[in-house]
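Written out below as structure tokens is the structure these notes cover.
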Amino acid sequence: MAGVKRNKYDREELRKRVIAEAFRAFGKYGIKNVHMDDLACSLSISKRTLYELFCDKEQLLLEVLIMHQQEMNTYISEVASKAENALEVIFAFYRRKLSELTELNPLFLRDLRKYPNVLSYVRERQKLSDAAALVHFQKGVEEGIFRDDINFDIINQAMSMQFEMLVYSDITENYPLSEIYSEVTFLHMRGISTPKGMQMVDAFLQSVKEKP
């Protein structure tokens with residue numbers, strides 16, 4: 011019995027290693043450019059073992075995104091439990107996202123379109139993320155940080171759609187994803203903020219410039 015438990019534990023640990031390596035490789039090179047053979051080689055495991063864990067690349071990619079989303083949810087929940095206001099949560103999310111995009115190859119986001127099941131998951135997760143963001147925006151209104159005459163559902167979706175549109179355009183040949191994300195985010199943040207909120211946004215941007 012102990013041996014069975016040990017094997018199950020080892021298998022789960024190996025799954026985690028594969029997911030972590032796939033996350034790194036997909037993000038650096040794009041999804042299409044990374045083959046299952048490459049992952050097996052980098053992890054020093056057989057291709058057969060890899061396919062015993064994940065039936066194909068799409069399943070592995072889905073597991074990568076699920077893991078990433080779980081980590082982000084945990085991080086934001088921890089931040090929200092200690093935050094003094096809504097902007098602290100939004101700024102924390104922004105910093106985390108910016109850090110990820112700094113290392114992300116635009117091909118990763120473009121390649122997602124080639125995997126219908128994964129893309130469906132991404133769309134559903136985006137809806138849930140948008141709903142969660144609305145809670146923080148509403149809290150910001152109550153705190154006098156955001157304007158009370160804004161339809162945040164429209165603004166939030168506009169931000170996501172604008173960033174996605176730019177990702178699939180030629181602009182990524184001239185500007186990094188992190189800069190595109192930053193410009194889109196703060197264009198909208200300035201528009202929805204009260205004078206009090208604007209002061210906080212400007213102070214945050216200044217701190218980012220001083221401590222990137």
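Going by the numbering used here, the residue at position 207 of the sequence shown is 217; the numbering climbs one at a time, nothing skipped.
Here a beta-carbon is modelled for each residue, glycine too, at the ideal position from N, C-alpha and C.
Sequence-distant Cβ neighbours of L129 in its own chain, meaning closer than 7 Å and more than five residues away, are L122, R123. Per DSSP, reduced to three states, the secondary structure at F64 is coil, with no helix or strand assignment. Between the alpha carbons of Y39 and Y125 lies a gap of roughly 17 Å.
Remark: three or more beta-carbon pairs, one from each stretch, lie closer than 8 Å, so the region 97-109 and the region 141-159 are flagged as touching. A Cβ-Cβ distance of about 6 Å is found for the pair L60 and M46, placing them in contact under the 8 Å criterion. Between R106 and Y131, the C-beta gap is not smaller than 8 Å, which leaves the two residues out of contact. Taking a C-beta distance under 8 Å as the contact criterion, L117 and N184 do not qualify as a contact pair. When secondary structure is reduced to three states using DSSP, S188 falls in the helix class. With contacts defined by Cβ atoms closer than 8 Å, L176 and F196 do not form a contacting pair. Only residues of its own chain outside the window of five on either side were considered, and among them V194 have a CB closer than 8 Å to the CB of Q172, listed in chain order. Approximately 24 Å separates the beta-carbon atoms of V89 and I29; this is outside 8 Å, ruling out the contact.
With a 10 Å radius around the Cβ and a threshold of 16 neighbouring Cβ atoms, V145 comes out exposed.
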